[in-house]
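Residues in the sequence shown are numbered consecutively from 4, following the working numbering.
These notes are about the structure you will find just below.
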Amino acid sequence: MTLITGAAGGIGAALARALAGTHDLILQGRDEGRLSALCSEVGGARPLVLDLTRPGTFGEAVAGLGRVTNVVHNAGVVELGAVAEQPPEVWTHTLAVNVVAPAALTRVLLPTVRAERGTLVFVNSGAGLRANPGWASYAASKFALRALADALRDEEAPHGVRVSTVYPGRTATPMQQKVRAQEGGEYDPADFIDPATVAATIRFVLDAPRDATLPDVSVRPGPRGA
4 MTLITGAAGG
14 IGAALARALA
24 GTHDLILQGR
34 DEGRLSALCS
44 EVGGARPLVL
54 DLTRPGTFGE
64 AVAGLGRVTN
74 VVHNAGVVEL
84 GAVAEQPPEV
94 WTHTLAVNVV
104 APAALTRVLL
114 PTVRAERGTL
124 VFVNSGAGLR
134 ANPGWASYAA
144 SKFALRALAD
154 ALRDEEAPHG
164 VRVSTVYPGR
174 TATPMQQKVR
184 AQEGGEYDPA
194 DFIDPATVAA
204 TIRFVLDAPR
214 DATLPDVSVR
224 PGPRGA
């Protein structure tokens with residue numbers, strides 16, 4: 004089974020469609036209706052309604068999932084703002100969803116992922132490589148997510164678990180639409196990477212032969228007119 008967090012839209016939904024038919028899927032989200040519709044669309048995937056801000060509930064929620072081979076940590080939140088302006092609540096929520104939740108969910112799933120010699124994929128961001136003005140809280144969470152993946156990679160190598168980080172550039176998703184609104188700019192999906200392209204990259208990471216690990220993969224927009 005492959006578990007995808009944040010599966011109800013954007014990159015997560017595109018990945019569910021990309022893996023349908025080749026991977027048995029568990030799709031996590033908070034909107035039960037949207038999850039159920041996507042599960043039906045991709046052919047019998049299993050919904051997992053889970054609030055990522057409540058890590059204390061993770062153990063019970065995943066106890067009945069059975070064999071989980073792969074986990075794609077895709078869920079994330081963003082709220083732009085200068086350090087001088089953002090209240091602690093924004094920082095706390097951003098770090099909770101973008102860092103604490105992946106760490107906590109990984110911890111409870113590691114026994115089965117180890118048994119399956121599976122793969123953990125952390126969907127990061129260009130902001131996990133460089134912090135720009137107005138992006139401090141989000142970039143801090145993504146830098147921390149990179150640190151989590153890097154440490155975990157070496158910790159789990161003896162167990163046969165592969166750990167990869169994928170760094171998408173700006174992608175045509177509802178999150179990007181929100182970001183553009185916060186930046187005061189227009190949103191045209193054609194200006195950004197197609198979510199299906201990022202999904203295809205993640206699928207390549209998951210399906211790579213066992214004699215290779217892809218620690219860090221960046222996905223950037225192609226040249227105009229390509």
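Yeah, the Cβ is synthetic: ideal placement off N, Cα and C, and Gly gets one too.
Source: prediction; values computed, not measured.
C-alpha distance - W290 paired with G67, whole-angstrom precision: Nothing in the structure corresponds to residue 290, since the chain is present only between 4 and 229.
Taking only the alpha-carbon atoms, compute the straight-line gap between A229 and L217 and give it to the nearest angstrom. Legend: pLDDT at A229 = 47, less than 50; position of this residue unreliable, no value from coordinates given.
For A202 and A175, I'd like the C-alpha separation in whole angstroms. 12 Å
Sort D54, I205, A215 by Cα distance to S221 and report the nearest one. I205
What do you reckon, are the CB atoms on L151 and V75 nearer than 8 Å? no
Element boundaries [alpha helix (DSSP H), containing S221]: Counting along the chain, S221 falls outside any alpha helix (DSSP H), though it belongs to the beta strand (DSSP E) covering 219-222.
Sorted by chain position, which residues of the same chain lie with C-beta nearer than 7 Å to G129's C-beta, five sequence neighbours on each side aside? Y170, G172
Name the residue from T97, D54, V52, F61 whose alpha carbon lies nearest to the alpha carbon of L113. F61
Please tell me whether G121 and L148 are closer than 8 Å, where the distance is taken between their beta carbons. no
For A229, which of helix, strand or coil comes out of DSSP? Summary for A229: the model assigns pLDDT 47, below 50, so the residue's position carries little reliability; its value from the coordinates is reported in the next sentence. Three-state result, A229: coil.
Under 8 Å by Cβ, that's how I've got I7 and L30 pegged, so tell me the actual separation to the nearest angstrom. 6 Å
Nearest-angstrom Cβ-Cβ length linking V208 and S167, presumed shorter than 8 Å: 5 Å
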